[in-house]
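Heads up: the structure comes next, in structure tokens.
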Amino acid sequence: MRIILVHGYKGGPALNFFPWLAAALMDKGFEVLVPELPDPANPDRDVWTKSLIEAAGVLTDEDIIVGHSLGGAAALRFLEAAEARTTPHACVLISTPWMIKDDRFRGFFLTELDHDVLMWRASKFVVVHAKNDPIIPFTHAERYAEVFHAKLIAPEEGGHFDGAEYPVILDSILEIAGEPIEFAPGMSLTDEFADLIK
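In this note's numbering, the protein residues as written are 1 to 198.
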């Protein structure tokens, strides 16, 4: 299984928890891809999306995409645009903003994501967001969890997860990686119309 890690604003493969997480996942036998996105201090949605597509190639049901902070928004744009042979296994959003009105990040949120379509672009979604995040309010995580029918992992502490090591992130990825692949995305959702069909 391949894990694609997407860093955020002013981030990179050698910063924050990415070196530790990549090493920990490789130790568990995963293939890990951590693309270095262009000009992270001046992120451009289209440039980042193109860079991720070039780095990752065609997605399959053996892929898990993990994005941190603005990298979560980039991961969703990537998931929306990428070619896929089969539905990726999962998408994990860590401390991801629902919306940022700052002009520097406007491109990521200028056009609305079609959440009804995007939720079928991965078999499962997981949202990891600390309740004490001082940068992105916890309500952003709750919104993602609602629209993607995602599992919400909400530790009391962790801040914006911009430190060196977070076992909760590793454990969340390992748990979702260990779950069976759903060949019909969304099949685990409750069928609200089951009682109406005889």
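Built from N, CA and C at the ideal position, the CB exists for glycine as well.
No experiment lies behind these values; they were computed from the predicted model shown.
Integer Cβ distance of residue i from residue j, believed to fall under 8 Å
i, j, result
"Gly57", "Glu36", "Not a contact, Cβ separation roughly 16 Å."
"Val117", "Ile153", "Val117 to Ile153, Cβ: 25 Å. No contact."
"Met1", "Ile65", "With a Cβ gap of about 12 Å, Met1 and Ile65 do not count as contacting."
"Leu70", "Phe105", "6 Å"
"Tyr107", "Pro134", "For the sequence presented, residue 107 should be read as Gly rather than Tyr. Not really, about 24 Å apart at Cβ, beyond 8 Å."
"His68", "Ser95", "6 Å"
"Gly157", "Ala177", "The sequence shown places Glu at residue 157, not Gly. The Cβ separation is near 24 Å, so there is no contact."
"Thr87", "Arg121", "7 Å"
"Ser123", "Ala90", "6 Å"
Beta-carbon proximity list for residue i, same chain, < 7 Å, skipping 5 on both sides
i, result
"Ala150", "Phe125, Val126, Val127 and Tyr144"
"Ile169", "Phe17, Leu21, Ile94, Val128 and Phe161"
"Ala55", "Leu33 and Pro35"
Helix, strand or coil at residue i according to DSSP, with G and I counted as helix
i, result
"Asp116", "helix"
"Asp102", "coil"
"Phe125", "strand"
"Lys198", "Because Lys198 carries a pLDDT of 46, less than 50, the predicted location of this residue cannot be relied on, and the following value inherits that uncertainty. Note: Lys198 maps to coil in three-state DSSP."
"Pro185", "Reliability of the predicted coordinates at Pro185 is poor, the pLDDT of 49 falling under 50, and the value obtained from them is presented with this limitation in mind. Residue state, collapsed to three classes: coil."
"Lys151", "strand"
"Leu37", "coil"
"Met81", "Position check: residue 81 holds Ala in this sequence, whereas Met was assumed. Looking at Ala81 - three-state DSSP - the assignment turns out to be helix."
"Lys131", "coil"
"Glu144", "Per the sequence presented here, residue 144 reads as Tyr, with Glu not at that position. Tyr144 falls in the helix class under three-state DSSP."
"Glu54", "helix"
"Phe109", "helix"
"Ala14", "coil"
"Gly72", "helix"
"Thr49", "helix"
"Pro97", "coil"
Nonlocal neighbours in the same chain, by C-beta distance under 6 Å from residue i, ignoring five residues either side
i, result
"Phe148", "Met119 and Phe125"
"Ala22", "Val32 and Val34"
"Tyr166", "Phe17"
"Ile136", "Ser95 and Pro97"
"Phe30", "Met1 and Ile3"
Start-to-end residues for the beta strand (DSSP E) that takes in residue i
i, result
"Glu31", "Glu31 to Leu33"
"Ala90", "Ala90 to Ile94"
"Gly67", "Asp63 to His68"
"Leu240", "Because the chain is modelled from 1 through 198, residue 240 falls outside the range shown and cannot be assessed."
"Leu5", "Arg2 to Val6"
Under 8 Å between C-beta atoms of residue i and residue j
i, j, result
"Leu5", "Val34", "yes"
"Val73", "Leu59", "Checking the sequence shown, residue 73 turns out to be Ala, not Val. No; because the gap between Cβ atoms is not below 8 Å, this pair is not in contact."
"Lys50", "Leu174", "no"
"His140", "Pro180", "no"
Interface flag, residue i vs chain D, CB-CB below 8 Å
i, result
"Asp44", "Reference to chain D is not applicable here, since this structure consists of a single protein chain."
8 Å Cβ shell around residue i - same chain, five flanking residues per side excluded
i, result
"Lys10", "Pro40 and Ala41"
"Asn16", "His7, His68, Phe161, Asp162, Gly163 and Ala164"
"Met220", "The question about residue 220 has no answer here: the residues shown for the chain are numbered 1 through 198."
"Asp46", "Gly107"
"Pro38", "Asp44, Val47, Trp48 and Ser51"
Proximity test, residue i beta-carbon vs the ligand ZN heavy atom, cut-off 7 Å
i, result
"Glu36", "Here there are no bound small molecules, and the ligand ZN is not part of this structure."
Limits of the unbroken alpha helix (DSSP H) element including residue i
i, result
"Gly178", "Pro167 to Gly178"
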